[in-house]
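Chains as they are written, first to last, in the working numbering: chain A, 4 to 331; chain B, 12 to 337.
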């Protein structure tokens with residue numbers, strides 16, 4: 004099998020879903036052929052195949068984009084709405100939180116919202132305070148939404164298919180720095196079930212629980228520490244909410260130590276929820292407190308030197324692991 | 012004489028009185044303390060809702076607001092399901108999980124009742140988009156108040172609907188108050204319908220207390236939408252004859268305004284139109300008596316119905332019921 008990038012993987016997954024189901028359509032700013040198939044080209048080539056009605060370039064109207072996607076989903080279609088950058092969800096939170104997430108429950112199951120909201124973000128590209136945030140915790144805190152993010156191209160293809168299949172809303176977070184990552188193409192029809200974590204690396208001394216771009220850092224650190232005889236187990240959640248509790252707890256019960264790692268700021272982040280749940284349910288297995296690593300509690304800065312100081316780095320991860328193991 | 016035929020007039024009258032008798036019954040139950048829930052009275056707006064629903068087919072989609080009793084009743088939600096939902100019973104349309112502000116009944120096209128002012132317009136745009144995509148021939152009507160015209164979603168939805176020429180009817184029930192604030196104190200333009208021009212959309216202003224104005228205007232908008240001629244913004248002037256919600260103070264309404272709305276009350280006007288068309292007093296009274304009997308039975312059944320069990324909290328959050336609340 005050939006290698007594909009994460010960006011190509013997303014494109015292929017959407018393409019094959021559109022080919023199989025006439026109800027799948029894309030909408031968002033600049034997504035059609037006239038604008039080059041999206042600012043990151045994820046929807047390129049789709050207008051030519053499926054026509055303008057199924058690849059709708061929209062006005063800059065996030066509330067109408069998500070609201071329209073909710074309406075179309077209620078009517079039985081499977082819209083894939085693109086919110087160009089994750090910070091822009093602030094413009095349309097009402098449609099996501101009060102409508103997409105709640106309509107199944109509030110209707111007593113009479114309606115549902117099979118909607119994928121694709122969005123991009125990431126620290127490390129110099130976009131500054133309003134184009135970089137990881138805001139997954141906002142959505143993980145709302146009942147009724149799946150929150151998904153891939154860390155590699157194969158998972159991207161499989162998670163996107165599963166997200167489009169899902170009969171409930173999915174926030175699909177893409178990291179700008181990961182679009183170029185390559186992996187062996189898992190091929191057509193490949194699916195990674197939502198709510199299923201991956202043990203990205205098996206280890207025995209400590210569990211490092213993470214997702215998205217920081218999985219790459221976690222794996223690099225695990226490689227490095229292996230040379231010192233420290234065995235790190237890396238859990239890639241893949242679905243952030245509702246997450247695969249069984250895999251997380253099994254890993255922590257095995258290693259007896261856990262660190263959560265994410266790019267989003269640390270206070271009130273998803274790491275806090277993971278840590279609390281681990282401590283409630285694995286107390287007897289724990290050899291020490293669950294540690295949390297996350298971004299600095301400030302807006303994402305512009306200057307490269309500040310941005311690099313803001314983002315959790317490998318040195319920090321190694322330091323926390325060694326401290327947890329009493330090797331600091 | 013009206014251009015509306017007798018059969019359609021009777022249909023509109025019946026729907027109007029269903030809305031009115033439901034409203035009267037709800038207020039009476041609230042006054043007697045037999046129920047204690049949030050209820051947004053529709054007294055004064057019955058005709059607009061009824062005439063608009065009479066212009067749609069059963070399959071057409073409707074998106075309405077917390078003040079949506081008129082659309083819900085007039086579109087044909089069975090009273091026993093509607094009352095049970097309003098009373099929080101498991102036999103309700105939404106198993107008691109939606110309530111008065113979130114009534115849903117897709118079987119009759121009531122797709123969303125939103126409790127957030129203005130949020131229905133973008134959703135209606137999407138329902139219209141689905142119909143345009145799959146060619147099902149349905150029209151979506153979204154009802155909202157004058158207050159909703161000043162939130163961003165209104166603007167975004169109007170522009171998008173016209174851009175794609177979607178089969179949507181935007182029905183603004185201008186009842187002259189956004190919550191407790193009078194129209195002139197919250198809106199800079201003289202009307203809402205005049206804004207349609209800003210989107211290149213057709214805008215129509217009608218007297219919502221006159222069946223001969225409101226029904227033909229909505230029917231034409233529906234017909235155009237179905238024919239692929241795009242959306243229309245219909246503004247129906249009417250009065251909210253009560254406070255924002257049941258029990259809310261409305262002493263802020265000026266005396267002249269109160270007198271004006273008594274004068275313009277759509278119900279005596281509609282009754283006069285019916286009599287003009289040779290419907291007898293007895294016939295019209297019989298329609299109301301039948302409606303009252305149906306409502307009384309529905310209320311009795313709803314009062315006696317079971318409450319939802321706690322297991323409902325884990326159901327309908329996602330497609331797969333939650334095993335454990337995290």
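All C-beta atoms, glycine included, are put in the ideal place defined by N, C-alpha and C.
Small disclaimer: the values here were computed from a predicted structure and weren't measured.
| query | result |
| --- | --- |
| Residue environment, residue 13 of chain A, which counts as buried when at least 16 other CB atoms sit within 10 Å | buried |
| Counted within 10 angstroms of its Cβ, other Cβ atoms place residue 141 of chain A as buried (16 or more) or exposed | buried |
| Under the three-state DSSP convention, the category residue 175 of chain B falls into | helix |
| Alpha carbon of residue 337 of chain B to alpha carbon of residue 298 of chain A, nearest angstrom | Residue confidence is low: residue 337 of chain B scores 48 on pLDDT, short of 50, so the model does not pin down where it sits. Its coordinate-derived value is still stated next. Distance between the alpha carbons of residue 337 of chain B and residue 298 of chain A is about 25 Å. |
| Beta-carbon contacts of residue 50 of chain B that lie in its chain and below 7 Å, excluding the five residues immediately before and after | 37, 41, 111, 256, 257 |
| Neighbourhood of residue 5 of chain A by C-beta distance below 7 Å, restricted to the same chain and skipping five residues each side | 188 |
| According to DSSP, residues forming a beta bridge with residue 209 of chain A | A/235 |
| Exposure label - residue 20 of chain A; buried when at least 16 CB within 10 Å | buried |
| Continuous beta strand (DSSP E) assignments of at least 3 residues falling wholly in the region 65-149 of chain B | 72-76, 121-125 |
| Simplified DSSP state of residue 129 of chain A, which is helix, strand or coil | coil |
| Neighbour flag for residue 142 of chain B against chain A, beta carbons, 9 Å | yes |
| Cβ shell of residue 193 of chain B (< 7 Å), same chain only, five flanking positions each side left out | 187 |
| Residue 277 of chain B burial status per 10 Å Cβ neighbour count (16 or more: buried) | buried |
| Segments of 3+ residues assigned as beta strand (DSSP E) that fall wholly inside the region 39-115 of chain A | 58-60, 81-88 |
| Chain-order list of residues whose beta-carbon lies under 7 Å from that of residue 252 of chain B (same chain, five-residue window excluded) | 54, 55, 272 |
| Residues that DSSP places opposite residue 178 of chain A in a beta bridge | A/124 |
| Where residue 24 of chain B falls, given that 16 or more other Cβ within 10 Å makes a residue buried | buried |
| Per-residue contacts from residue 332 of chain A into chain B (C-beta, under 8 Å) | Residue 332 of chain A falls outside the range modelled here, since chain A spans only 4 to 331, and no answer is possible. |
| contact_flag[the region 196-207 of chain A, the region 235-245 of chain A] where n(CB pairs < 8 Å) is 3 or more | yes |
| Neighbour flag for residue 113 of chain B against chain A, beta carbons, 9 Å | yes |
| Start-to-end residues for the beta strand (DSSP E) that takes in residue 324 of chain B | Unbroken run through residue 324 of chain B: none, as it is neither H nor E. |
| Contacts around residue 275 of chain B, its chain only, beta-carbon distance under 7 Å, and the 5 residues preceding and following it disregarded | 220, 250 |
| Spatially closest choice to residue 16 of chain A from A/25, A/45, A/26, A/38, by CA coordinates | A/45 |
| Cβ neighbour criterion (16 or more within 10 Å) applied to residue 295 of chain A | buried |
| CB contact below 9 Å: residue 90 of chain A versus chain B | no |
| Buried or exposed (CB count within 10 angstroms, at least 16 for buried), residue 191 of chain B | exposed |
| Burial state of residue 301 of chain A, where buried means 16 or more other Cβ atoms lie within 10 Å | exposed |
| C-alpha gap between residue 294 of chain B and residue 284 of chain B, whole angstroms | 14 Å |
| Residue environment, residue 263 of chain B, which counts as buried when at least 16 other CB atoms sit within 10 Å | exposed |
| Interface partners of residue 80 of chain A on chain B, CB under 9 Å | 137, 140, 141, 144, 145 |
| Residue 314 of chain A in three-state terms, based on DSSP | coil |
| Neighbouring residues, chain B, relative to residue 107 of chain A (Cβ below 9 Å) | 327, 328, 329, 330 |
| Rounded C-alpha distance that separates residue 43 of chain A from residue 123 of chain A | 9 Å |
| Partner residues on chain B for residue 97 of chain A, Cβ-Cβ distance less than 7 Å | 127, 130 |
| Contact with chain A by residue 133 of chain B, beta-carbon distance below 9 Å | yes |
| Closer than 7 Å at the beta carbon, the chain A residues around residue 122 of chain B | 77, 114 |
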